[in-house]
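Enquirer:
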Amino acid sequence: GGFGSKIFIYPEEVVCLWAARKVDRPVRWTADRSESFVTDAHGRDHVTRAELALDANGKILAMRVKTIANLGAYMSTFSSSVPTYLYATLLSGQYDIPQIYCEVDAVYTNTVPVDAYRGAGRPEATFVVERLVEVAARQMGIDPADLRKRNFVKSFPHQTPVIMAYDAGDYNASLKKAFELADVKGFNKRKRDAARHNKLRGLGYSTYIEACGIAPSQAVGSLGCGVGLWESAEVRVNPTGGVEVLTGTHAHGQGHETTFAQLVSERLGIPFENVSIVHGDTDKVQFGMGTYGSRSGAVGMSAIVKALDKVEAKAKKVAAHMLEAAEGDIVFKDGKFTVAGTDKSAAWGDVALNAYIAHKFAGQELEPGLKETSFYDPTNFTFPAGCHICEVEIDGETGKTEIVNWTAVDDFGTVVNPMIVE
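Numbered per this note's numbering, the sequence shown spans residues 117 to 538.
Below is the structure:
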């Protein structure tokens with residue numbers, strides 16, 4: 117993956133293009149670690165003062181946040197958006213907070229420009245709200261987990277006071293599962309055991325929520341974005357039944373070639389190896405808005421699904437002519453078209469071939485071929501959420517700190533390929 121850092125145009129890339137033309141041969145530039153630190157976009161640099169208001173029962177009433185955000189020496193592609201639209205809009209966290217006020221002052225300094233990298237605004241918001249909740253719990257003498265549970269959003273959809281509208285979630289379930297996996301109940305015993313060896317044990321945890329599937333044109337347009345962030349896909353079925361998918365997203369380590377092909381294979385009931393994925397070839401792929409903001413699966417794959425819907429619908433028409441049945445009676449499952457209530461069927465490959473034999477359905481208002489294009493522009497972001505727990509041990513004599521256990525429960529929704537996720 118690129119984690120956002122590959123979105124932007126860096127001066128060195130332009131120089132490489134110029135040099136390649138100048139010397140008429142390929143030119144490659146690779147930064148070493150030190151050069152990367154002083155040339156690549158950095159992720160964040162905030163100084164924040166924040167306040168949280170609660171009633172006597174621990175119900176959160178309001179939050180006030182004032183942040184000074186360092187943008188670096190120069191503006192970059194998304195530098196002004198990261199500490200504002202991607203930060204302030206997630207300050208509600210997993211909690212039902214009626215009122216939120218956020219003020220961000222952006223400043224220029226003599227440092228490397230800041231841009232969308234490693235979470236881009238979302239981790240900063242999580243840090244602020246989780247620290248506030250933790251401090252509030254300690255000051256009020258309430259168990260931090262109980263305080264979180266009291267304030268979790270429980271009914272959906274939920275409109276936050278900072279633009280975002282959460283569509284679904286079960287935050288209490290994630291917290292409960294994380295506590296079970298981390299054996300939080302047994303922590304006090306482990307702490308006592310560590311103390312006997314002159315070691316300090318500590319356990320901390322954080323819940324989080326992210327806005328992913330960056331795309332909704334209406335949402336980003338209302339915030340000043342000058343382009344729509346839809347995604348496109350084209351599905352081409354050749355006469356032998358093989359499928360070529362052209363996608364506007366671009367893979368650089370995310371495994372799109374696997375997950376996208378897996379989606380098509382399972383949907384059409386054809387072998388995985390019969391599916392090819394084409395991306396990044398601007399001679400072939402006409403439209404695309406790129407890979408960033410955790411959007412390739414939620415938006416790019418959804419565009420593929422829409423194109424597959426169209427392909428299947430047309431294939432059913434071809435199958436209906438082949439099987440001499442009404443289109444409404446055709447059922448497609450596991451790579452086979454059948455006539456409902458009968459044993460008449462046609463394999464995917466046979467239907468694909470017949471789609472290109474025009475005289476089979478001449479005069480039936482059905483064009484030859486099996487190729488469809490779709491655009492997908494969602495109406496909302498996706499909101500994965502979860503809970504992470506860290507248990508550390510500190511040597512009382514040397515101060516050496518060791519992470520002895522890290523537990524993560526992440527609610528991603530549908531997982532296409534567990535191996536790639538892991």
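Beta carbons: idealized from backbone N, C-alpha and C, even for Gly.
Give, in chain order, every unbroken run of the alpha helix (DSSP H) that is at least 4 residues long and sits entirely within the region 350-395.
Expert: Listed in chain order, the complete alpha helix (DSSP H) runs (minimum 4 residues) inside the region 350-395 are 372-384.
Enquirer: Helix, strand or coil, according to DSSP, for G320 in the structure here?
Expert: For this step, residue 320 is matched to residue 204 along the sequence shown. Here G320 sits in strand by DSSP.
Enquirer: Compute the distance between the beta-carbons of A436 and I420, then report whether it is under 9 Å.
Expert: Numbered from its first residue, the sequence shown carries residue 436 at position 320. Numbered from its first residue, the sequence shown carries residue 420 at position 304. No, the Cβ-Cβ distance between A436 and I420 is not below 9 Å.
Enquirer: Closer than 8 Å by C-beta to K430: which residues in its own chain qualify, once you throw out the five before and the five after it? Chain order, please.
Expert: Taking the sequence shown and counting its residues from 1, the one referred to as residue 430 is at position 314. Taken in chain order, the residues that qualify are A471, L482, L486, E488.
Enquirer: So S418 is in the alpha helix (DSSP H); what residue range does that whole segment cover?
Expert: Residue mapping note: residue 418 aligns to position 302 of the sequence shown, counting from 1. From DSSP, the alpha helix (DSSP H) with S418 extends over 418-439.
Enquirer: What is the residue span of the beta strand (DSSP E) that Y492 lies within?
Expert: Translated into positions along the sequence shown, residue 492 becomes position 376. Per DSSP, Y492 belongs to the beta strand (DSSP E) from 487-492.
Enquirer: Sort A367, P494, P355 by Cα distance to G118 and report the nearest one.
Expert: Taking the first residue of the sequence shown as 1, we reach residue 118 at position 2. Of the candidates A367, P494, P355, the one whose C-alpha sits nearest the C-alpha of G118 is A367.
Enquirer: For W522, write down the residues that DSSP places opposite it in a beta bridge.
Expert: In the sequence shown, the residue the question calls residue 522 occupies position 406. Answer is C506, bridged to W522.
Enquirer: So what's E167 in DSSP terms, helix, strand or just coil?
Expert: For the purposes of this step, residue 167 is identified with residue 51 of the sequence shown, where counting begins at 1. Three-state DSSP puts E167 in a strand.
Enquirer: Identify every residue that forms a DSSP beta bridge with C218.
Expert: Position 102 of the sequence shown, counted from the first residue, corresponds to residue 218. Beta-bridge pairing links C218 to V181.
Enquirer: Answer yes or no: the CB of Q255 versus the heavy atoms of the ligand GDP, is any distance below 8 Å?
Expert: As far as ligands go, the structure on display features none, and thus does not contain the ligand GDP.
Enquirer: If I measure Cβ to Cβ from P142 and keep anything under 7 Å in the same chain, skipping five residues before and after, which residues do I get?
Expert: Against the sequence shown, residue 142 aligns to sequence position 26. The answer, listed in chain order, is A136.
Enquirer: Exposed or buried, what is P387 when buried is set at 16 or more other beta-carbons lying within 10 Å of its beta-carbon?
Expert: For this step, residue 387 is matched to residue 271 along the sequence shown. Exposed, by the Cβ-count rule.
Enquirer: Give the range of the beta strand (DSSP E) segment to which V244 is assigned.
Expert: Reading the sequence shown from its first residue, position 128 is the one you call residue 244. Looking at the DSSP string, V244 is not in any beta strand (DSSP E); the run it does join, the alpha helix (DSSP H), is 238-256.
Enquirer: Between the C-alpha atoms of G280 and S150, what's the straight-line distance to the nearest angstrom?
Expert: Taking the first residue of the sequence shown as position 1, residue 280 is located at position 164. Taking the first residue of the sequence shown as position 1, residue 150 is located at position 34. The question names Gly, but residue 280 is Met in the sequence shown. Distance between the alpha carbons of M280 and S150: 38 Å.
Enquirer: Could you pull out every unbroken beta strand (DSSP E) segment of at least 3 residues lying fully inside the region 279-353, listed in chain order?
Expert: Listed in chain order, the complete beta strand (DSSP E) runs (minimum 3 residues) inside the region 279-353 are 315-325, 347-353.
Enquirer: With respect to the beta strand (DSSP E) encompassing K452, which residues constitute its N-terminal and C-terminal limits?
Expert: Position 336 of the sequence shown, counted from the first residue, corresponds to residue 452. Residues 452-455.
Enquirer: So, using beta-carbon positions, are E507 and A298 closer together than 9 Å?
Expert: Within the sequence shown, residue 507 is the residue found at index 391, counting from 1. Within the sequence shown, residue 298 is the residue found at index 182, counting from 1. Yes, the Cβ-Cβ distance between E507 and A298 is below 9 Å.
Enquirer: Determine the closest residue to A468 out of E428, D450, K460, N496, with distance taken between C-alpha atoms.
Expert: Taking the sequence shown and counting its residues from 1, one reaches residue 468 at position 352. The residue with the shortest Cα to Cα distance from A468 is E428.
Enquirer: Y287 and A501 look like a contact to me (Cβ under 8 Å); what is the Cβ gap, rounded to whole Å?
Expert: Sequence index remark: in the sequence shown, residue 287 carries index 171 (1-based). Sequence index remark: in the sequence shown, residue 501 carries index 385 (1-based). Right, their Cβ atoms sit about 6 Å apart.
Enquirer: Report the partner residues of K449 according to the DSSP bridge assignment.
Expert: Taking the sequence shown and counting its residues from 1, one reaches residue 449 at position 333. K449 is bridged to K452.
Enquirer: If you reduce the DSSP assignment to three classes, tell me which class S152 lands in.
Expert: Indexing the sequence shown from 1 puts residue 152 at position 36. The answer is helix: DSSP assigns S152 an H, G or I state.
Enquirer: So what does DSSP say about V223, is it helix, strand or coil?
Expert: For the purposes of this step, residue 223 is identified with residue 107 of the sequence shown, where counting begins at 1. Strand.
Enquirer: In whole angstroms, what separates the C-alpha of Y224 from that of T164?
Expert: Position 108 of the sequence shown, counted from the first residue, corresponds to residue 224. Position 48 of the sequence shown, counted from the first residue, corresponds to residue 164. Distance between the alpha carbons of Y224 and T164 is about 16 Å.
Enquirer: So the beta strand (DSSP E) A189 belongs to, where does it begin and stop?
Expert: Translated into positions along the sequence shown, residue 189 becomes position 73. That residue, A189, is in no beta strand (DSSP E); it is neither H nor E in DSSP.
Enquirer: Just curious, the alpha helix (DSSP H) that A261 is in, first and last residue?
Expert: Walking along the sequence shown from the start, residue 261 turns up at place 145. That run of the alpha helix (DSSP H) goes 260-267.
Enquirer: When you compare the region 190-198 with the region 225-241, are there three or more beta-carbon pairs, one atom per stretch, that lie closer than 8 Å?
Expert: Yes, they touch.
Enquirer: Counting only the same chain and skipping the five closest in sequence on each side, list residues whose C-beta sits under 6 Å from that of A331.
Expert: Here residue 331 refers to the residue found at position 215 of the sequence shown. Correct list, in chain order: L345, R411, V415, P494.
Enquirer: Is D527 helix, strand or coil when you go by DSSP?
Expert: For the purposes of this step, residue 527 is identified with residue 411 of the sequence shown, where counting begins at 1. Here D527 sits in strand by DSSP.
Enquirer: Do R317 and K301 have their C-beta atoms within less than 9 Å of each other?
Expert: One-based indexing of the sequence shown puts residue 317 at position 201. One-based indexing of the sequence shown puts residue 301 at position 185. No, the Cβ-Cβ distance between R317 and K301 is not below 9 Å.
Enquirer: Within a Cβ cutoff of 7 Å, which residues of the same chain sit near G396, ignoring the five residues on either side of it in sequence?
Expert: Sequence index remark: in the sequence shown, residue 396 carries index 280 (1-based). Counting only Cβ-Cβ distances below 7 Å, and skipping sequence neighbours, we find H366.
Enquirer: I'd like the list of long-range same chain contacts for V336, defined as Cβ closer than 7 Å, with 5 residues on each side in sequence excluded.
Expert: For the purposes of this step, residue 336 is taken as the residue at position 220 of the sequence shown. Cβ neighbours of V336 beyond the five flanking positions: L345.
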